[in-house]
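Engineer: Dropping a structure here in structure tokens format, bear with me for questions.
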Amino acid sequence: MSTIDADRLPDGEEPPLAVRVRTGTGPVQVRVWPSTDPDAARLPLLLALHGWTDSGEVFAPLARALGRRWTVVAPDAPGHGGTPWPGGPEYVVKDHRATALGVLDALPRVAGRRGRVVVLGHSLGAVTATRVAAARPDVVVHLVLEEPARARPPRSRSAGELLETVDEVRSLDERGRLTLLRTRTPDWPEDEYGPWLRSKLDLDRSHLDVPVDWGKPLRALLAKVSCPVLLVHGDPERGGIVPGSAAERCAAACRGGCDVLALPAGHNPRREARDAFVTAVAETLRRYRD
Numbered sequence: 001m002s003t004i005d006a007d008r009l010p011d012g013e014e015p016p017l018a019v020r021v022r023t024g025t026g027p028v029q030v031r032v033w034p035s036t037d038p039d040a041a042r043l044p045l046l047l048a049l050h051g052w053t054d055s056g057e058v059f060a061p062l063a064r065a066l067g068r069r070w071t072v073v074a075p076d077a078p079g080h081g082g083t084p085w086p087g088g089p090e091y092v093v094k095d096h097r098a099t100a101l102g103v104l105d106a107l108p109r110v111a112g113r114r115g116r117v118v119v120l121g122h123s124l125g126a127v128t129a130t131r132v133a134a135a136r137p138d139v140v141v142h143l144v145l146e147e148p149a150r151a152r153p154p155r156s157r158s159a160g161e162l163l164e165t166v167d168e169v170r171s172l173d174e175r176g177r178l179t180l181l182r183t184r185t186p187d188w189p190e191d192e193y194g195p196w197l198r199s200k201l202d203l204d205r206s207h208l209d210v211p212v213d214w215g216k217p218l219r220a221l222l223a224k225v226s227c228p229v230l231l232v233h234g235d236p237e238r239g240g241i242v243p244g245s246a247a248e249r250c251a252a253a254c255r256g257g258c259d260v261l262a263l264p265a266g267h268n269p270r271r272e273a274r275d276a277f278v279t280a281v282a283e284t285l286r287r288y289r290d
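The structure is reproduced here in structure tokens:
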């Protein structure tokens, strides 16, 4: 892995634990940021599912911004980070459900304990997070969606757009990559750069060469979720993919209620409006202290 000065850990901070989980669909690479709170056993766990072409490592800044109070568990999706994609004629997003559920069921080994779980998903990961919440209503107490894909079908980010970005990043040296990202995302905190860039280098590019099967629209998936939902979206004028009208339609489908939070950001509210995003997630987690 490359070393990026902007991504060095603060003094005294431990890197995440790296855990390999065997699931029914194959091995899954998981990163874990254990809670440093003395009452960690009474606190919920945060299962964080990343977006397309990212990896679990991109949640390091969020774990840090949350003060390491809550344990954050972040698996790599198939074809991302250290989780292999078995290949096929299509990249089937629904298959990610089994991968994430395998990690959820392995929490005693991965995180050291079972507990109530808040599931957070960004973009593509939000679709999987919704499926996980529907499948485990006895475990998942809250669902947090950050700029979810499929909120306004059929438009989602295309593989072609992402492939162009991945290839551009890979064509540059380390200094050029960092310059590119700083130029394109000047409003991101610097600690976001390293994980994002490494995720593009660790990606299995082949899954971007086949059609994507997204499955059902988000509203149809949310209709099967019984827990409360927090839907955070940005502004389409800034690059967000979820307009307010689509967010409200998704909220109406939620059986357990849904709070909608619009932030002055694009497709990455936790990066572009970090303080407000972290506050909202922390408030959600605080609701579930035993």
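Numbering (the working numbering), first residue to last: 1 to 290. The C-beta atom is built at its ideal place from N, Cα and C for all residues, glycine as well.
1) Nearest CA to the CA of A265: which residue from G234, A223 and P186?
2) Quick check: what's the CA-CA separation for E190 versus P16?
3) Considering only residues of the same chain and omitting the five flanking positions on each side of D37, which have a CB-CB separation below 7 Å?
4) Which whole-angstrom value describes the C-beta separation of H80 and L203, a residue pair presumed to lie in contact below a C-beta threshold of 8 Å?
5) Ignoring anything shorter than 3 residues or poking outside the segment 66-153, list the beta strand (DSSP E) runs there in chain order.
6) For the candidate residues L66, V72, A133 and R64, whose alpha-carbon lies nearest to that of A98?
7) Enumerate in chain order the residues of its own chain whose CB-to-CB distance from A40 is below 6 Å, with the five nearest sequence positions on each side excluded.
8) For D202, is the beta carbon positioned less than 6 Å from some heavy atom of the ligand ADP?
9) Counting C-beta neighbours from all protein chains within 10 Å, is the total for L201 16 or more, i.e. buried, or is it exposed?
10) Apart from the five residues on each side of it in sequence, which residues of its chain come closer than 7 Å, Cβ to Cβ, to D187?
11) My assumption, with CB atoms under 8 Å, is that V73 sits in contact with V28. Please give the rounded CB distance.
12) Just mark G51 as buried or exposed, buried being the case when its beta carbon has 16 or more other beta carbons within 10 Å.
13) Does DSSP put G244 in a helix, a strand or coil?
14) For A41, name the three-state secondary structure that DSSP assigns.
15) Of the choices A159, C227 and L261, whose alpha-carbon is the least far from that of D277?
16) Smallest Cα separation from E248: which of D76, R219 and L197?
Structural biologist: In short:
1) Position 265 of the sequence shown, counted from the first residue, corresponds to residue 265. Ranking the options by Cα distance to A265, first place goes to G234.
2) Against the sequence shown, residue 190 aligns to sequence position 190. Against the sequence shown, residue 16 aligns to sequence position 16. Going by the C-alpha atoms only, they are around 18 Å apart.
3) Numbered from its first residue, the sequence shown carries residue 37 at position 37. Counting only Cβ-Cβ distances below 7 Å, and skipping sequence neighbours, we find L43 and R69.
4) On the sequence shown, residue 80 is found 80 positions in, with the first residue counted as 1. On the sequence shown, residue 203 is found 203 positions in, with the first residue counted as 1. Indeed they touch by this definition, with Cβ atoms about 6 Å apart.
5) 72-75, 117-122 and 140-146
6) As a working note, residue 98 is residue 98 in the sequence shown. Here the closest residue by C-alpha is A133.
7) To locate residue 40, count along the sequence shown from 1; it is residue 40. For A40, where only same-chain residues beyond five positions count, there are no Cβ hits under 6 Å.
8) Of the ligands one can find in the structure shown there are none, so the ligand ADP has no counterpart to examine.
9) Indexing the sequence shown from 1 puts residue 201 at position 201. It counts as exposed.
10) By one-based count along the sequence shown, residue 187 stands at place 187. Once the five neighbours on either side are set aside, the close Cβ partners of D187 are E272.
11) As a working note, residue 73 is residue 73 in the sequence shown. As a working note, residue 28 is residue 28 in the sequence shown. In fact, because the Cβ distance is near 11 Å, the residues do not count as touching under 8 Å.
12) As a position in the sequence shown, residue 51 is number 51, starting the count at 1. Classification of G51: buried, given that the 10 Å Cβ count is 16 or more.
13) Within the sequence shown, residue 244 is the residue found at index 244, counting from 1. Reduced to three states, the DSSP call for G244 is helix.
14) Taking the sequence shown and counting its residues from 1, one reaches residue 41 at position 41. Reduced to three states, the DSSP call for A41 is helix.
15) Residue 277 sits at position 277 when you count from the first residue of the sequence shown. A small fix is needed here, since residue 277 is Phe in this sequence, not Asp. F277 has its Cα closest to that of L261, out of A159, C227 and L261.
16) Along the sequence shown, one-based indexing puts residue 248 at 248. Checked all of D76, R219 and L197; the closest Cα to E248 is R219.
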